[in-house]
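In my numbering, the protein residues as written are 208 to 621.
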Amino acid sequence: MAVLVDLIWSEAAGGHVKFWERAAGGAAGLAGLDLTVFFAAAADGEHVLAPNVRYRLLRPVFGTQRLPFLSHVPDHTDLAPYHPRLARALAGHDVIHTTDAYFAYARTAERVARRRRLPLVNSVHTDTPGYTRLYTAETVRRRLGTGWLARLLLDRLHVDARAERGKLRRLARHQAMCRFVLGPRDDDLERARRVLPAERVLRLPRGLELDRFHPRWRDRAWLAAKLSISPETPVVLCVGRVNVGKNVMTLAEAVRQLVDGGETLVLVCAGEGEDRARVEALLGPHARCPGVVTGDDMARLYASADLLAHPSEIETYANVVTEGMAAGLPALVSARGTARERVSGGQSGAAAGVVVEGGASAWAAAIAALLRDPARRAALGRAARAETERVFTDWRAVVAEKLLPVWTAAARAR
Numbered sequence: 208m209a210v211l212v213d214l215i216w217s218e219a220a221g222g223h224v225k226f227w228e229r230a231a232g233g234a235a236g237l238a239g240l241d242l243t244v245f246f247a248a249a250a251d252g253e254h255v256l257a258p259n260v261r262y263r264l265l266r267p268v269f270g271t272q273r274l275p276f277l278s279h280v281p282d283h284t285d286l287a288p289y290h291p292r293l294a295r296a297l298a299g300h301d302v303i304h305t306t307d308a309y310f311a312y313a314r315t316a317e318r319v320a321r322r323r324r325l326p327l328v329n330s331v332h333t334d335t336p337g338y339t340r341l342y343t344a345e346t347v348r349r350r351l352g353t354g355w356l357a358r359l360l361l362d363r364l365h366v367d368a369r370a371e372r373g374k375l376r377r378l379a380r381h382q383a384m385c386r387f388v389l390g391p392r393d394d395d396l397e398r399a400r401r402v403l404p405a406e407r408v409l410r411l412p413r414g415l416e417l418d419r420f421h422p423r424w425r426d427r428a429w430l431a432a433k434l435s436i437s438p439e440t441p442v443v444l445c446v447g448r449v450n451v452g453k454n455v456m457t458l459a460e461a462v463r464q465l466v467d468g469g470e471t472l473v474l475v476c477a478g479e480g481e482d483r484a485r486v487e488a489l490l491g492p493h494a495r496c497p498g499v500v501t502g503d504d505m506a507r508l509y510a511s512a513d514l515l516a517h518p519s520e521i522e523t524y525a526n527v528v529t530e531g532m533a534a535g536l537p538a539l540v541s542a543r544g545t546a547r548e549r550v551s552g553g554q555s556g557a558a559a560g561v562v563v564e565g566g567a568s569a570w571a572a573a574i575a576a577l578l579r580d581p582a583r584r585a586a587l588g589r590a591a592r593a594e595t596e597r598v599f600t601d602w603r604a605v606v607a608e609k610l611l612p613v614w615t616a617a618a619r620a621r
């Protein structure tokens with residue numbers, strides 16, 4: 208198996224990369240599978256996880272890092288139409304699994320699959336069309352401000368919406384070449400069913416490290432030492448990119464309203480992003496932006512906070528909400544985000560958080576209501592942990608019972 212992830216492999220990488228890191232860990236030692244996960248990197252190399260699992264790292268042919276006007280995008284990729292080193296490396300594989308449909312790896316996979324008559328599998332991990340719309344508009348505003356030309360491009364010509372539609376067309380063309388497509392959202396599945404038979408469109412499975420993300424790791428003394436937050440101060444945690452894509456400034460403005468109204472709390476934004484400085488400037492001593500937090504420190508941070516706030520409206524899944532729920536955190540999520548069903552009760556009917564509809568004032572009201580009601584916070588946290596235990600299994604089971612059968616079926620159809 209070859210899995211292609213056309214993003215930079217780093218500790219700061221988002222949920223798309225993390226999904227395949229965890230799936231690769233679950234595949235280690237699994238009989239009947241030899242797995243190579245391809246990532247982009249600054250230099251070519253190999254990282255061996257087990258005799259049957261490895262990462263191959265490849266330098267981009269034409270990475271977006273080389274374009275100054277794209278310096279603000281959250282993840283860099285390879286814009287080349289073809290990656291010769293990847294094409295050579297794919298020789299000898301039985302199935303190629305693409306995890307996007309747009310950039311160098313996916314385009315190279317199409318050519319190799321046609322030439323060698325190899326089956327393709329595709330999975331959706333990022334709302335690339337939605338992000339394209341958002342960052343096209345952001346790029347126009349950064350380069351042109353709010354003048355007449357920017358208004359012409361966005362309000363009259365709608366270049367952001369056109370860019371989004373172009374990505375959707377590209378996604379359809381790629382998925383039509385695939386044997387199977389796996390998607391996390393109903394919308395993703397419906398799009399794929401327009402170009403493939405329904406039986407070849409499947410829900411993308413996910414695992415969860417239930418021992419790592421657990422309420423028992425709560426440690427306010429550690430948090431006080433790490434981030435200088437007193438044990439008595441309520442902590443609102445936001446995890447992920449600190450940028451417009453995650454809608455972080457709406458949350459920061461909500462906290463500012465609460466502080467101005469006399470509330471005592473601290474917003475912790477764990478992640479990198481161009482809005483870190485804006486959050487810190489707006490909130491001063493009521494904000495902590497430690498950058499990327501990893502490993503056991505991330506598990507302690509989840510468990511040591513008082514609630515998780517996730518205002519993102521453009522995403523395919525939101526791993527951080529599930530991890531926070533496993534750590535016993537009540538979650539506040541956007542009504543326009545994908546995590547709303549997980550916190551509103553799901554199949555169990557027990558709410559694990561609050562769905563917020565509206566802007567900064569709505570977020571401020573929702574945060575204040577939970578901070579003033581510790582009994583409700585505790586009940587929501589218990590329900591959150593119970594829901595993750597009911598729904599999720601470990602990554603080894605996900606690979607063995609969900610992904611491997613799909614790959615095997617694709618290989619048999621070669």
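Glycine included, each C-beta is placed from N, C-alpha and C at the ideal position.
Computed from a predicted structure; not experimentally measured.
Length at least 4, wholly inside the stretch 531–612: the alpha helix (DSSP H) runs in chain order: Taken in chain order, the complete alpha helix (DSSP H) segments of 4 residues or longer contained in the stretch 531–612 are 547–550, 567–578, 581–598, 602–605.
Residue from V212, E460, R261 whose Cα sits closest to the Cα of G232: Taking G232 as reference, the option from V212, E460, R261 with the minimal CA-CA separation is R261.
Whole-angstrom distance between K225 and A488, CA atom to CA atom: 30 Å
Close-in-space but distant-in-sequence residues of the same chain around S568 (CB under 7 Å, 5 per side omitted): Its chain contains Q464 as the residues whose beta carbon lies nearer than 7 Å to that of S568, once the 5 sequence neighbours on both sides are disregarded; these appear in chain order.
C-alpha distance - R583 paired with P438, whole-angstrom precision: 20 Å
Closer than 8 Å to chain B by CB, V462: No chain B is present in this structure, which holds just one protein chain.
Closest Cα partner of L148 within the set G531, R295, L237, D241: For the chain, the structure presents residues 208 to 621; residue 148 sits outside this window and is missing.
Nearest candidate by alpha-carbon position, reference V319, set D503, H332, L293: L293
Where S435 falls, given that 16 or more other Cβ within 10 Å makes a residue buried: Under this definition S435 is an exposed residue.
Three CB pairs or more closer than 8 Å across the stretch 397–404 and the stretch 366–379: yes
Supposed contact pair E548 and D334 - C-beta distance, whole angstroms, cut 8 Å: 16 Å between Cβ atoms; not a contact.
Best match in P412, V563, Y312 for proximity to P288 [C-alpha to C-alpha]: Y312
Three-pair Cβ contact test at 8 Å for the stretch 419–426 versus the stretch 474–492: No, they do not touch.
Residue(s) in a DSSP beta bridge with H517: Note: H517 sits in a beta bridge opposite V540.
Anticipated Cβ contact below 8 Å, T305 with A247, distance rounded: With 8 Å as the limit, T305 and A247 do not qualify as a contact, their Cβ atoms being about 14 Å apart.
Cβ neighbours of A241 in the same chain (closer than 6 Å, five flanking residues each side left out): The question names Ala, but residue 241 is Asp in the sequence shown. Within the same chain, D241 has close Cβ partners N259.
Backbone CA spacing between E564 and W570 [nearest angstrom]: 8 Å
R448 beta carbon less than 8 Å from that of G221: Cβ distance < 8 Å, so G221 and R448 count as in contact.
E218 vs V455 beta-carbon contact at 8 Å: no
Cα-Cα separation, A516 to P581: 16 Å
Coarse secondary structure for A234, derived from DSSP in three states: helix
V605 and P326 closer than 8 Å at C-beta: no
Assigned secondary structure, H493 (DSSP; H/G/I helix, E/B strand, else coil): DSSP places H493 in helix when its eight states are reduced to three.
Reference R340; option with closest CA among T615, A572, G452, F269: The shortest C-alpha separation from R340 is found at G452.
7 Å Cβ shell around A431 - same chain, five flanking residues per side excluded: Excluding sequence neighbours, A431 sits near S437, P438.
Own chain residues within Cβ distance below 6 Å of D307, not counting five before or after: D213, A313
Anticipated Cβ contact below 8 Å, E317 with M384, distance rounded: 6 Å
Cutoff 7 Å; reference T600; Cβ partners in own chain excluding five residues on either side: Sequence-distant Cβ neighbours of T600 in its own chain, meaning closer than 7 Å and more than five residues away, are G414.
A461 to L472 span [Cα, whole Å]: 11 Å
Beta-ladder partner(s) of G270, from DSSP: D285
Range covered by the alpha helix (DSSP H) that runs through T243: Taken as a continuous stretch (DSSP letters only), T243 belongs to no alpha helix (DSSP H), being part of the beta strand (DSSP E) at 242–247.
Residues near R410 in its chain [Cβ-Cβ closer than 8 Å; skip 5 each side]: The residues L389, G390, P391, L396, in chain order, have a CB closer than 8 Å to that of R410 in the same chain once the five nearest residues on each side in sequence are set aside.
Per-residue DSSP class, three states only, for H254: strand
A209: first and last residue of the uninterrupted alpha helix (DSSP H) it sits in: From DSSP, A209 is part of no alpha helix (DSSP H) but of the beta strand (DSSP E) over 209–215.
DSSP bridge partner residues for Y312 (one or two, in chain order): According to DSSP, Y312 bridges with nothing at all.
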